[in-house]
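Below is one structure, written out as C-alpha cells, with a few remarks after it.
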Amino acid sequence: MPLTMAKQGEECIIKKVGGKTETKNFLETLGFVVGCVVTVVSEVGGNLIVYIKDSRIAIGKEMANKILI
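By the count of this note's numbering, the sequence shown reaches residue 167 at its end, each step adding exactly one.
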C-alpha cells in the first residue's frame with residue numbers, strides 16, 4: 099500500500115519506491131530506500147511529515163503515493 103495510507107505514528111518498512119528514474123533518485127537521496135523504516139508524524143491534506151533516518155521530512159501526496167510500504 100502507498101505511504102499515504104499509513105496511520106499517524108505507525109512505523110512502516112519501505113517495500114518499493116516507484117516512479118521515473120529521476121524521482122527514485124531524488125527519494126533515495128532523502129533516505130527513502132527499500133528496507134528503511136519510516137514513521138508518519140502528521141498528515142495535512144494528503145501531504146505528509148515523516149520521520150526517516152533521524153530526520154523529519156515533508157513530502158507531498160504525489161511523491162508519497164510512489165512509496166510503497
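Note that beta-carbon positions come from the ideal geometry of N, C-alpha and C, so glycine has one too.
Pair within 8 Å by beta-carbon distance, residue i and residue j
i	j	result
K122	N145	no
E108	T127	no
L125	V135	no
I112	G143	no
I91	L101	Because the chain spans 99 through 167 in this model, residue 91 falls outside it and cannot be assessed.
Exposed unless 16 or more other CB atoms sit within 10 angstroms - verdict on residue i
i	result
M99	exposed
M103	exposed
Minimum C-alpha distance to residue i - residue among the options
i	options	result
I165	E120, T119 and V131	V131
S153	V139, N163 and A162	V139
DSSP bridge partner residues for residue i (one or two, in chain order)
i	result
I165	V115
Entirely within the stretch 99-146 and at least 3 residues each: give me those beta strand (DSSP E) ranges in chain order. 109-111 and 135-142
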